[in-house]
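What follows is a short report on a single structure.
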Amino acid sequence: MTDRSFEKPLRPSADPEALHPPPGEPLIDVEEGPEPGGASLSVRILLGVSLVLIAANLRAVFSSLSTVLPEIVRDVGLNAFWSSVLTTLPVVCLGVFSFPAPNLARRFSAERVILACMLVIALGTGLRGFGNAPFLFLGSFLAGAGIAMINVLLPGLVKRDFPKQIALMTGLYTMALCGSAAAAAAFTVPLEKALSGSWPAALALWGVPALAAAVIWAPQAFWAGHDHAAAKPAVKGLFRDRLAWKVTLFMGLQSAMAYIVFGWMAPMLRDRGMEGTSAGLLVSGSVVVQMLACLATPPLAMRGRDQRLVCLVLLACGAVGFAGCYWLPLSLTWIGAIFCGIGQGGLIAVAMTLIILRSPDAHVAARLSGMAQGFGYIIAGFGPLLAGLLRGITGSFAAPTLLFIAFALIAAWSALEAGQDKVVQVKTE
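In structure tokens:
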């Protein structure tokens with residue numbers, strides 16, 4: 001049985017600081033309570049907009065690089081292995097650096113950790129502007145580490161500060177994630193051309209929005225309190241729970257599919273003969289469809305108690321879409337891009353929703369979120385790496401496309417349990 005005696009709803013006052021818990025209230029463990037209507041509307045709008053702006057800077061680092069990857073390989077001299085590592089490195093960081101995020105948030109406050117991470121993302125993105133291998137890898141590493149911690153902390157902020165608008169806010173920030181990927185995919189090649197063919201400058205410019213978002217977020221960090229004094233209930237048995245691992249596997253595999261799209265769809269289209277700008281625009285269009293799917297999926301998924309059918313339909317859309325981008329004639333690849341966008345946009349939204357629905361309370365949701373994103377993104381890192389290696393070994397994108405379909409099938413198997421109407425069996429003491 002889960003002991004819920006520790007639950008205390010958060011009731012903020014009209015003061016801006018009320019949107020942040022006092023020292024005794026841990027951010028990522030706060031339980032859902034009454035809507036914080038005492039806070040001024042303008043402060044709540046500012047917080048919501050700030051969260052969306054933060055999310056809008058968490059995917060450009062991936063899709064911006066993929067659109068100019070052929071030029072990077074040519075100018076830097078990367079072979080198939082190292083180009084695969086370059087596209088995979090930030091994804092692996094998403095897994096590795098997810099684990100320390102909760103402890104850092106309790107010690108310094110989540111708002112301050114997010115501010116520091118945004119500055120690290122801006123720095124890492126800017127370092128890629130030097131245009132050589134060491135700075136490309138270092139910049140990708142730093143950006144991936146910053147993105148990883150924010151990935152873990154954003155859902156907790158949404159659950160704490162917008163308890164009655166979880167579906168809406170989840171849809172908005174996942175839509176912003178997709179929006180940043182779409183913008184980077186669409187505009188990196190045109191920026192490169194406008195900057196006299198300088199892909200390093202085009203990549204570095206994506207650090208400017210990250211720096212601007214950090215400046216806008218800074219007041220939230222200054223208002224925040226410390227959470228390190230809180231007595232945290234212990235959640236036991238999560239790593240032994242079969243359902244928790246199925247949720248984690250689903251998160252990891254759908255993420256692997258997403259990062260194959262971000263890292264290799266544009267190179268695949270260019271390999272088939274599509275011009276660079278056109279390939280970037282097609283990927284961007286697919287990601288715009290992802291934005292719409294992100295917004296529509298959470299309310300749809302939460303309408304019923306069972307999410308298996310939603311998961312299976314979205315996985316089928318993603319697999320059929322990516323396969324279409326490889327096997328359809330170039331003039332019809334837009335059809336595959338649309339299906340891929342529907343699938344991938346819906347999958348990330350439903351994966352985040354499953355973490356909430358499969359948890360009996362917010363304390364368990366926080367631990368399950370850390371487990372699913374930490375181990376899940378480590379799993380996801382193998383997606384673009386294996387896709388790149390298979391492309392290098394076989395000389396075509398047929399094998400990476402089959403790999404994508406295989407990931408979808410395994411994810412469907414995990415969804416048959418992860419989507420069921422039940423919660424993880426753990427003890428909270």
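All residue numbers for the sequence shown refer to this note's numbering, where the first residue is 1 and numbers rise by one. A virtual CB, placed ideally from N, CA and C, is assigned to each residue, including glycine. Every value quoted in this text rests on a predicted model; they were computed, and no experiment measured them.
Taking the alpha helix (DSSP H) that N132 belongs to, which residues open and close that run?
The sequence position of residue 132 within the sequence shown is 132, counting from 1. Element bounds for N132: n/a, residue is neither H nor E.
Nearest to C340 by CA position, among A408, K159, I45, is which residue?
Within the sequence shown, residue 340 is the residue found at index 340, counting from 1. Residue A408 is the option with its Cα nearest to C340.
Is it the case that the Cβ atoms of P329 and A167 are separated by a distance below 7 Å?
Sequence index remark: in the sequence shown, residue 329 carries index 329 (1-based). Sequence index remark: in the sequence shown, residue 167 carries index 167 (1-based). The answer is no: Cβ separation not under 7 Å.
So for V288, helix, strand or coil by DSSP?
Taking the sequence shown and counting its residues from 1, the one referred to as residue 288 is at position 288. Helix.
Between which residues of its own chain and E192 is the CB-CB distance below 7 Å, once the five residues before and five after are set aside?
Taking the sequence shown and counting its residues from 1, the one referred to as residue 192 is at position 192. Around E192: V68, S198, W199, A202.
Neighbour-count burial assignment, R367, 16 or more Cβ in a 10 Å radius:
Stepping through the sequence shown from its first residue, residue 367 is reached at position 367. Buried, because 16 or more other Cβ atoms sit within 10 Å of the Cβ of R367.
Identity of the residue in L249, A55, V423, I355 nearest N151 by Cα:
Within the sequence shown, numbered from 1, the residue matching residue 151 stands at position 151. Checked all of L249, A55, V423, I355; the closest Cα to N151 is A55.
V235 - DSSP class collapsed to helix/strand/coil:
The residue given as residue 235 occupies position 235 in the sequence shown. If DSSP states are grouped into helix, strand and coil, V235 belongs with the strands.
Assigned secondary structure, K164 (DSSP; H/G/I helix, E/B strand, else coil)
In the sequence shown, counting from the first residue as 1, residue 164 sits at position 164. Correct three-state label for K164: coil.
From R305, Q220, A319, L269, pick the residue whose C-alpha is nearest to that of K422; which is it?
Position 422 of the sequence shown holds residue 422. It is R305 whose Cα lies nearest to the Cα of K422.
Over the uninterrupted alpha helix (DSSP H) stretch that includes A56, give me the two end residues.
Walking along the sequence shown from the start, residue 56 turns up at place 56. Here A56 belongs to no alpha helix (DSSP H), and DSSP marks it neither H nor E.
Quick check on the DSSP output: what are the complete alpha helix (DSSP H) runs of length 4 or more inside the stretch 306-350, in order along the chain?
308-327
Pick out whichever of V189, R106, R160 has its Cα sitting closest to the Cα of M149.
Along the sequence shown, one-based indexing puts residue 149 at 149. Closest option to M149, Cα to Cα, is R106.
Take the Cβ of L309 as the centre, count every other Cβ of all protein chains shown within 10 Å, and call the residue buried at 16 or more, exposed below.
Here residue 309 is taken as the residue at index 309 of the sequence shown, counted from 1. Classification for L309: exposed.
What runs of the alpha helix (DSSP H), each 4 residues or longer, lie entirely inside the stretch 54-120?
60-67, 69-72, 80-96, 101-108
For K422, does the three-state DSSP call read helix, strand or coil?
Residue 422 sits at position 422 when you count from the first residue of the sequence shown. Correct three-state label for K422: coil.
Let's see if you can read the secondary structure: which residues bound the alpha helix (DSSP H) around W481?
With the chain represented from 1 up to 429, any question about residue 481 goes unanswered, as that position is not in the structure.
C-alpha distance - L269 paired with S64, whole-angstrom precision
In the sequence shown, counting from the first residue as 1, residue 269 sits at position 269. In the sequence shown, counting from the first residue as 1, residue 64 sits at position 64. Taking the straight line joining both Cα atoms gives about 15 Å.
T394: buried (16+ other C-beta within 10 angstroms of its C-beta) or exposed?
For this step, residue 394 is matched to residue 394 along the sequence shown. Under this definition T394 is an exposed residue.
Beta-carbon proximity list for A60, same chain, < 6 Å, skipping 5 on both sides:
Against the sequence shown, residue 60 aligns to sequence position 60. Same-chain partners within the cutoff: S180, A184, W206.
Residue range of the alpha helix (DSSP H) that M265 falls in?
Here residue 265 corresponds to residue number 265 of the sequence shown, with the count starting at 1. Unbroken alpha helix (DSSP H) run through M265: 242-271.
May I have the straight-line CA-CA distance separating K236 from R303, to the nearest angstrom?
One-based indexing of the sequence shown puts residue 236 at position 236. One-based indexing of the sequence shown puts residue 303 at position 303. Between K236 and R303, the C-alpha separation is close to 30 Å.
How long is the line joining the alpha carbons of L462 and Q420, rounded to whole angstroms?
Outside the displayed span of the chain (1 to 429) sits residue 462, for which this structure offers no information.
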